[in-house]
Amino acid sequence: MSGEQITIFDTTLRDGEQSPGCSMNTNEKLEVAGALVELGVDVIEAGFPIASPGDFEAVQLIAREFGSRTTICGLARCRNEDIDRAWEALKDAEQTRIHVFLATSSIHREHKLKMDKSEIVQQAVESVKRAAGYCSDVEFSPEDAARTELDFLCEVIEKTIDAGATTVNIPDTVGYATPSQFYNCIAHLKKNVPNIHKAVISTHCHNDLGLAVANSMAAVEAGARQVECTINGLGERAGNAALEEIVMTLRTRSDYYGCDTRINTKRLFPTSRLVSTITGMQVQRNKAIVGQNAFAHEAGIHQHGMLQERTTYEIMRPQDVGFSGTNLVLGKHSGRHAFRDHIIAMGYKLDDEYFEQIFADFIALADKKKDVYDADIAALVEKRIGDT
Ligand code: KIV
Ligand code: ZN
178 MSGEQITIFD TTLRDGEQSP GCSMNTNEKL EVAGALVELG VDVIEAGFPI ASPGDFEAVQ
238 LIAREFGSRT TICGLARCRN EDIDRAWEAL KDAEQTRIHV FLATSSIHRE HKLKMDKSEI
298 VQQAVESVKR AAGYCSDVEF SPEDAARTEL DFLCEVIEKT IDAGATTVNI PDTVGYATPS
358 QFYNCIAHLK KNVPNIHKAV ISTHCHNDLG LAVANSMAAV EAGARQVECT INGLGERAGN
418 AALEEIVMTL RTRSDYYGCD TRINTKRLFP TSRLVSTITG MQVQRNKAIV GQNAFAHEAG
478 IHQHGMLQER TTYEIMRPQD VGFSGTNLVL GKHSGRHAFR DHIIAMGYKL DDEYFEQIFA
538 DFIALADKKK DVYDADIAAL VEKRIGDT
């Protein structure tokens, strides 16, 4: 591990679970929470306790079971009853955080909340103070921050830090920001909020334009030191920033970012599979880091390069994220080198003449069949040997 530490705040069990078709029962949430602890996340947002008795129960059980090993967080709107309920669910944990949020953008102020700026500031400040009365770790989120006027955002952040917020989270609630715009937003807060050094700046980016990870990384470059994310990028609509992508970008490019996380990256793939199995949300084959194809090479030129020197076409070791190894897929794009290595590994010893014949048979088969399995190759070899 090198450089500065980035706090990984996992919200799979809250924002991820809010995603259509992803709801989990209490036992499933406990299983995921256990996997997140093993993975080494710093904060687990376990749910939104006021939302339902089931959410309350899950947060309470997770707090009791895992609250001595990592920080357990509960979400609350800026309302007394939400904050009290969140604390009720969390209070048995050793490490607790209350996360309060209130929208600040003009669209939300006018159409949803029907509140003016001063009412927003007052309600946010009162709520942060109430939460701080329960625990010393309080996070405040100005919902839809990325579409909030920068001056007003600075004012809300300054006053909520004065009220006791120890983390100020900047959500791009609707995934509208672009990386340079989001960078500038964080840099502006760092420069213009006088007490900003008293709190950790966090990001919470949605993926509506496919920019959640890029925006989160831009925020880290600008000085954010907590990233909110979810396993497999689950979350409302197109999802949140994918935890595995954030973590492996920081790890692989620590030369560039100068930061790292406490994540045990070998647990990334198993955790991804667990969440996918429990939620029924399949991971796309070409998903970065944890997709089936993330470390698969079919093109002959790539396979040849890989057999000479892995780093020609791989920037991470598959074992480092929990795969058993590189997958040199045999298909019509595979070259002689990969095919020769594969049949040797299968236990065949062929002279050059046989090899060339069987390689030609293999290419002909691969042209017709998408995936060629060991059984197909064995049949080709045995047919040629039988023909002689
Ligand atoms: O997307 C969002 O703004 C949220 C907040 C509750 C942080 O999920
Ligand atoms: Zn969100």
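For the sequence shown, the residue numbers in the working numbering are 178 to 565.
In this text, a Cβ means the ideal position worked out from N, Cα and C, and glycines have one as well.
Cβ of residue i versus every heavy atom of the ligand ZN: is any distance shorter than 7 Å?
i	result
D410	Asp is not the amino acid found at residue 410; the sequence shown has Gly there. Because no heavy atom of the ligand ZN lies under 7 Å away, the Cβ of G410 does not count as near it: no.
E222	no
G413	Residue identity check: residue 413 is Glu in the sequence provided, not Gly. Checking the Cβ of E413 against the ligand ZN gives yes.
N417	yes
On the three-state DSSP scale, how would you describe residue i?
i	result
G563	helix
G512	coil
S196	coil
G244	coil
M178	With a pLDDT of 42 at M178, under the threshold of 50, the modelled position of this residue cannot be trusted, and the question is left open.
C362	helix
A323	helix
T454	helix
N257	helix
V397	helix
G410	helix
F186	strand
D349	strand
E222	strand
I520	helix
V377	strand
T343	coil
S313	coil
E491	coil
Please name the residue or residues paired with residue i in a DSSP beta bridge.
i	result
H383	N417
H474	L505
R274	C250
D437	Q182
S318	F278
V404	I185 and T380
Report yes if the C-beta of residue i is less than 7 Å from at least one heavy atom of the ligand KIV; otherwise report no.
i	result
D192	yes
H383	yes
N281	For clarity, residue 281 is Thr in the given sequence; the question names Asn instead. Not under cutoff, so the answer is no.
F186	no
S304	no
L427	no
L213	no
P348	yes
L557	no
S318	yes
L252	yes
F278	yes
Since residue i and residue j are thought to touch, with beta carbons under 8 Å apart, how far apart are those beta carbons, to the nearest angstrom?
i	j	result
T442	D518	No, T442 and D518 are not in contact; Cβ-Cβ is about 27 Å, not under 8 Å.
V467	I185	Going by Cβ atoms, the distance from V467 to I185 rounds to 16 Å, so no, they are not a contact pair.
A223	A240	7 Å
L542	D553	6 Å
T503	M483	7 Å
E421	S449	6 Å
Does any heavy atom of the ligand COA sit closer than 7 Å to the C-beta of residue i?
i	result
A552	This structure lacks the ligand COA; its bound ligands are the ligand KIV and the ligand ZN.
Count Cβ pairs between the region 313-324 and the region 336-350 that sit closer than 8 Å; are there 3 or more? With a cut-off of 8 Å on Cβ pairs, the region 313-324 is in contact with the region 336-350, counting three or more such pairs.
The region 190-201 contacting the region 407-419, beta-carbon criterion three pairs below 8 Å: Segments in contact, yes.
At least 3 beta-carbon pairs within less than 8 Å: the region 487-505 vs the region 239-255: Output reads no: the region 239-255 does not touch the region 487-505.
Mind the definition here: the region 357-365 touches the region 386-406 only if three or more C-beta pairs lie below 8 Å; say whether that holds. In short, these stretches touch, since the Cβ pair count reaches three.
Okay, do the region 286-301 and the region 260-268 touch, 3+ Cβ pairs below 8 Å being the bar? No, because fewer than three Cβ pairs between the region 286-301 and the region 260-268 fall closer than 8 Å, the two stretches do not touch.
Examine the Cβ distances between the region 206-222 and the region 443-451 and report whether three or more of them are shorter than 8 Å. In this structure the region 206-222 touches the region 443-451; the number of beta carbon pairs closer than 8 Å is three or more.
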